[in-house]
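So the first sequence is residues 364 to 586, counted in the working numbering.
Ideal Cβ positions, reconstructed from N, Cα and C, are used throughout, including at glycine.
Please read all numbers here as calculations on a predicted model, not as lab measurements.
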Amino acid sequence: MTPQQARAVYRALYDCWGPQHWWPGDTPFEIMVGAILTQNTNWSNVERAIANMKALDALDAERILALPEDRLAEALRPSGYFNVKARRLRAFCAWYVQEGGFEHLSGLDTETLRKALLAVHGIGPETADDILLYAFERPVFVVDAYTRRIFNRLGLLEEGLGYEEIRQRFEQALGPDMACFNEYHALIVQHGKTTCRPRPLCETCCLGADCPSNPLQDSGSES
DNA sequence: TACCAGGAGAAAA
DNA sequence: TTTTCTCATGGT
364 MTPQQARAVY RALYDCWGPQ HWWPGDTPFE IMVGAILTQN TNWSNVERAI ANMKALDALD
424 AERILALPED RLAEALRPSG YFNVKARRLR AFCAWYVQEG GFEHLSGLDT ETLRKALLAV
484 HGIGPETADD ILLYAFERPV FVVDAYTRRI FNRLGLLEEG LGYEEIRQRF EQALGPDMAC
544 FNEYHALIVQ HGKTTCRPRP LCETCCLGAD CPSNPLQDSG SES
């Protein structure tokens, strides 16, 4: 993928959807919680779980750790996988408190912070990069299922590439631009979940004939 | 009713 | 090392 191609898709998405103002969350900590809860789940379900946490006045690492795990799981129920996510969120909070919280972690360089996040139970590459980009405002490109789907089918990424390879291709094409990465990922998600879903309709899609959901594309490239 | 959604870890091959 | 299975709710 050339820089020109990466920027052309960005422009098409931005022209279509406009600024997204991501991440939806009032504080860096809420963003981090949302990044964990949104794993394999749609955002509306995550919002319900976060509202439950706010109702418990528990949107804070130490207060989450003070909650019994079954009560935490009950609050997280709307986001799905609630038992799994309760364990993951507690593991993250334990690490977060142990490391001295946001202020201390903000002093770490991006690679050190990324490695530390990936060592936490329940934090994989996408979740770590969501946290780095949207909570810590680091220039890290987030790769998700929509990114793979859209760019594979646009022919700009080969099938079967690993997460790190895809991330590096975007970062090399675009340069270390936090604001751009922020908007780009948000636009990909907005586009993916509205226009270019697996069973979609893209007469008005901003990617036109190159849209991953375009029937002309489907006829030859669908797996 | 079946499929999908802003994944990750554990187990099996 | 790679692939498969499991976790689960809510909307379409």
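Of the residues the options, the one placed nearest residue i, counting alpha carbons only
| i | options | result |
| --- | --- | --- |
| residue 465 | 391, 386 and 380 | 391 |
| residue 415 | 546, 440 and 406 | 440 |
| residue 386 | 556, 371, 544 and 538 | 544 |
| residue 534 | 558, 503 and 524 | 503 |
| residue 371 | 555, 556, 547 and 553 | 547 |
| residue 423 | 488, 457, 406 and 402 | 457 |
| residue 483 | 471, 470, 462 and 467 | 462 |
| residue 365 | 398, 523 and 514 | 514 |
Residue i and residue j closer than 8 Å at C-beta
| i | j | result |
| --- | --- | --- |
| residue 496 | residue 505 | yes |
| residue 418 | residue 400 | no |
| residue 421 | residue 427 | yes |
| residue 369 | residue 549 | no |
| residue 396 | residue 452 | yes |
| residue 445 | residue 485 | no |
| residue 494 | residue 481 | no |
| residue 326 | residue 460 | Shown here, the chain extends from 364 to 586; a query on residue 326 therefore has no answer. |
| residue 443 | residue 404 | yes |
| residue 376 | residue 554 | yes |
Exposure label - residue i; buried when at least 16 CB within 10 Å
| i | result |
| --- | --- |
| residue 561 | Because the pLDDT at residue 561 is just 47, under 50, the model does not fix this residue reliably, and the value given afterwards should be weighed accordingly. Exposed, since its Cβ has fewer than 16 Cβ neighbours within 10 Å. |
| residue 542 | exposed |
| residue 540 | exposed |
| residue 586 | Note on residue 586: pLDDT 27, under 50, position unreliable in the model; the coordinate value appears next. Exposed, because fewer than 16 other Cβ atoms sit within 10 Å of the Cβ of residue 586. |
| residue 382 | exposed |
| residue 389 | exposed |
| residue 557 | exposed |
| residue 378 | exposed |
| residue 367 | exposed |
| residue 448 | buried |
| residue 374 | exposed |
| residue 434 | exposed |
Distance between beta carbons of residue j and residue i, contact taken as under 8 Å
| i | j | result |
| --- | --- | --- |
| residue 473 | residue 512 | Contact doesn't hold; Cβ gap of about 27 Å is too wide. |
| residue 510 | residue 551 | 5 Å |
| residue 517 | residue 529 | With 8 Å as the limit, residue 517 and residue 529 do not qualify as a contact, their Cβ atoms being about 13 Å apart. |
| residue 394 | residue 498 | 4 Å |
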